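Protein chains: 2
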Amino acid sequence: MKRKGASEQTAAESKEKLERFGKGIVKEIEGMENPTFSTMARGRSNVIYDEKKGIIKLGDQREERSFVNTAQSKRFMQTVAIAAKCHKFINENLHTTIRGLFYQLKYSLGEDVDENIFNEQAESNPLIEDLEAALDIKREDLNLNANRKGVLAGNLKVMDTFGGERQEIDASKLGRSGWAIPSDVDNEIDFVDVKAKSVLVVEKDALWQRLNEDLLWKKENMILISPQGQAARGTRRLIRKLADMGLPVYVFNDGDAWGWYIYWTIKTGSINLAYMGNSIATPEAKFLGVTMSDLKKYDFLNKMTMKATEVDLKRAQEMLNYQWINRHKEWVDELKMVLKTKLKLEQDTLQGPRLTFVDDYIKEKIRNKEWLP
Amino acid sequence: MKRKGASEQTAAESKEKLERFGKGIVKEIEGMENPTFSTMARGRSNVIYDEKKGIIKLGDQREERSFVNTAQSKRFMQTVAIAAKCHKFINENLHTTIRGLFYQLKYSLGEDVDENIFNEQAESNPLIEDLEAALDIKREDLNLNANRKGVLAGNLKVMDTFGGERQEIDASKLGRSGWAIPSDVDNEIDFVDVKAKSVLVVEKDALWQRLNEDLLWKKENMILISPQGQAARGTRRLIRKLADMGLPVYVFNDGDAWGWYIYWTIKTGSINLAYMGNSIATPEAKFLGVTMSDLKKYDFLNKMTMKATEVDLKRAQEMLNYQWINRHKEWVDELKMVLKTKLKLEQDTLQGPRLTFVDDYIKEKIRNKEWLP
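Heads up: the sequence lines are chains H and L, in that order.
Numbered according to our numbering, the first sequence spans residues 45 to 417.
Numbered according to our numbering, the second sequence spans residues 45 to 417.
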């Protein structure tokens, strides 16, 4: 059975949404009406930056999908088929991926109709997003796992109910491995006994392992997370949930295009996932480093710089045009300094003087509130 | 403190090897001799397939590295610097990556000599391999973490000693997450209470999650591993260790170039890591599928095939030329069938009829010994 978490729906609620969706269509058919549903427009023109909340989200534009419409008829039918499959997955209390869903559709619809309803998974992906946006529901609520990535250690416990079992996992007792953050951190997952007082997100798994070995999370009572590169949906959602519990969120990344991108995706959400901005963005997040001003503070870093690539410089220039970035003077200064010096710094450089130097760097940055907003 | 595992050296032994290496050089200098050490030749001409063991390994050719040699002098000095740093890491009982090592070298050698000793990490990587091959030691024994990837669930416990703590982790109690396989599964890691009777390796994490949710590992008393794509060094080493405990190893991958490659890397080792073939290859491994003969057995799969890509076909042709593959008639038949039909199959297709179909597929394959060698 699914259990209700902090800010999410239960399996019963997801099921009800799907049933209401299906019944609406049946009613229209019985009333000889054109079956129709409405979803949020996800095109660029409806992606907005909500200045008050500090997140990227969708505006108010909606789009109709209708069956009696030569351009939409096939896709409409496909969307209904997806909804039916997801309803079945919830009933079975089993999970799969959009790839598994795709093959189920190929299997079952291939028997009823003469041609394969889905030839390419690329056809089904936007329809799943249509359904998520139409029902105001996440694919994870439809028992569809997204790619998982990310790892965590800290003073908190996770109650994980899966495969009919209920397991309490203590994230302070997982050795060098840490807890692998799942795709879905809402349904059937509860965070209990959260004793940690802050969250530190570290871009690279290698640095996470370094800090984990030093037990930094224990000494500072932090939750130490690595998204292991760009943050997956589950990790972004988890960071949001921890922020909802009142924990400050610090991010420690490379000082380059990729590191900035990972930070801003965590902070404001992203254009691709604008339709779920509210649930995965953490505008409270702070950027600890690596920053260009570190070069002034830590002299040794000057022999550790690398030449910024064309991608880094292009990205820095683009970022200066984003209203959610250029509203922060600190970021404008940082990016201009990159463009001027044409240099960048990796977070690994902070192991230069000694392996544990990086711990002190982080502690000092937090203590002195030396971060970018 | 490091603890001795199944087939590996202790930290004290690694340290001793480094010290012997250093003392040898000092002695030569004091004797006014040219400092020299010998390492295994790692070029293609010294990579051989050991038919008896069924692994790819290095032959007997060795190469000398000497200091008084204009072509080698800089690299010799760099190798000694790497050895000194690793000796320090072992003394500190701290780990880093080759990237962290690189920045330590830049930091400390930059102070003593006028120019940076390492400008690019590409310079230090082959030197680490030189040292591994010279000392018959793995980089993991030198406290250098390689990238980690891979996940595990099953009836076994792991005793993990790190950061001065000793933690027992029960791999049957980690919920949907599983145990994240570390870079180093020898030093400071012990596998205790291994009750499982076999190992199932599943290429894709998504399928691993599917099978984990069904508790297949519990029902069949298997250790369920996903390398999450190509297997990292740690995962390959772990599979070898489990095979050493007498557990049969079954591999379930996509039936395409990438799936075959992942399988053969696990089974025979790889050309790149030929210098450590003995410790990471598992020639006992069997390939459960997906195979072309599945198309005859499971009729529904015929509507789930994809066109093989140019890469798949080229790879199939190449594989037919490898002596470690073409000695198996079953693989010759499989690859010829791919070349003839120009089709391929993903492991995800086995979720077509129902999500749990894949469990039955695996159980039946094992029960009927339907595998490729």
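Even for Gly, the Cβ is constructed at its ideal location relative to N, Cα and C.
Computed from a predicted model, the values in this text were never measured in an experiment.
The closest CA to that of T83(L), considering only F120(L), E57(L) and D403(L), is found on F120(L). 8 Å or more divides the Cβ of I269(L) from the Cβ of L332(L).
Distance from the Cα of L102(L) is smallest, within the candidate group A55(L), V112(L), T349(L) and G87(L), for G87(L).
The beta carbon of I99(L) lies closer than 8 Å to those of Y93, T312, G313, G321, N322, A325 and P327 in the same chain, with the five residues before and after it left out. As the crow flies, the alpha-carbon of P417(H) is around 18 Å from that of R359(H). By the neighbour-count criterion, in which 16 or more other beta carbons inside 10 Å mark a residue as buried, A55(H) falls on the buried side. From the beta-carbon of K182(H), no residue of chain L is found nearer than 9 Å; the closest lies around 16 Å away. Residues L416 and P417 of the same chain have their beta carbon placed closer than 8 Å to that of H372(H), with the five preceding and five following residues left out of the count. When only Cα atoms are considered, Y307(H) and N191(H) end up about 19 Å apart. One thing to note: G219(H) has its Cβ within 8 Å of the Cβ of Q211(L). Relative to the Cα of K118(H), the nearest Cα in the group S168(H), Q148(H) and V70(H) belongs to S168(H). Only residues of its own chain outside the window of five on either side were considered, and among them T400 and D403 have a CB closer than 7 Å to the CB of D258(L), listed in chain order. For the stretch 286 to 360 of chain L, the full-length beta strand (DSSP E) segments reaching 3 residues or more read 293 to 296 and 330 to 333 along the chain.
Under the three-state reduction of DSSP, M84(H) is assigned to strand. For V238(L), no alpha helix (DSSP H) segment is defined, and its DSSP state is neither H nor E.
A Cβ of chain L is located within less than 8 Å of the beta carbon of N189(H).
Counting the other CB atoms within 10 Å of its CB gives I315(H) a total below 16, which places it among the exposed residues. By alpha-carbon distance to V124(L), the top candidate from E136(L), M76(L) and E176(L) is E176(L). The beta carbon of I369(H) lies closer than 6 Å to those of M363 and W375 in the same chain, with the five residues before and after it left out. For L379(L), there is no enclosing beta strand (DSSP E); the residue is part of the alpha helix (DSSP H) that begins and ends at K373 to T385. Contact annotation: D237(H) and K201(H) have beta-carbon atoms nearer than 8 Å. By the 16-neighbour rule on beta-carbons within 10 angstroms, I73(H) is exposed. When CB distances to chain H are screened at a threshold of 8 Å, the residues of the stretch 256 to 285 of chain L falling below it are N256, E257, D258 and L259, in chain order. Not a single CB atom of chain L sits nearer than 8 Å to the CB of I324(H).
Only those residues of the stretch 207 to 226 of chain L whose C-beta falls short of 8 Å from the nearest C-beta of chain H are listed: G207, G208, E209, Q211, I213, K217, L218, G219, R220, S221, G222, W223, A224, I225 and P226. Residue pairing of Q211(H) in beta bridges, as defined by DSSP: D204(H). With 16 or more other Cβ atoms inside 10 Å of its own Cβ, P271(L) counts as buried. Counting only runs of 4 or more residues that sit fully inside the stretch 236 to 275 of chain L, the alpha helix (DSSP H) segments are 249 to 257 and 260 to 263, in chain order. As DSSP reads the structure, E107(H) sits in a beta bridge with T83(H).
A buried status is given to R109(L), since no fewer than 16 other beta-carbon atoms sit within 10 Å of its beta-carbon. Per DSSP, Y93(L) lies in no alpha helix (DSSP H); the unbroken beta strand (DSSP E) holding it starts and ends at V91 to D94. DSSP, read as helix, strand or coil, puts V229(H) in coil. With its beta carbon at least 8 Å from every one in chain L, V246(H) lies outside the interface.
Burial is judged here by how many other beta carbons sit within 10 angstroms of a residue's own beta carbon; A115(H) has fewer than 16 and is exposed. For R88(H), the nearest beta carbon of chain L is not closer than 8 Å to its own beta carbon.
Within 10 angstroms of the beta-carbon of K263(L) lie fewer than 16 other beta-carbons, which makes it exposed.
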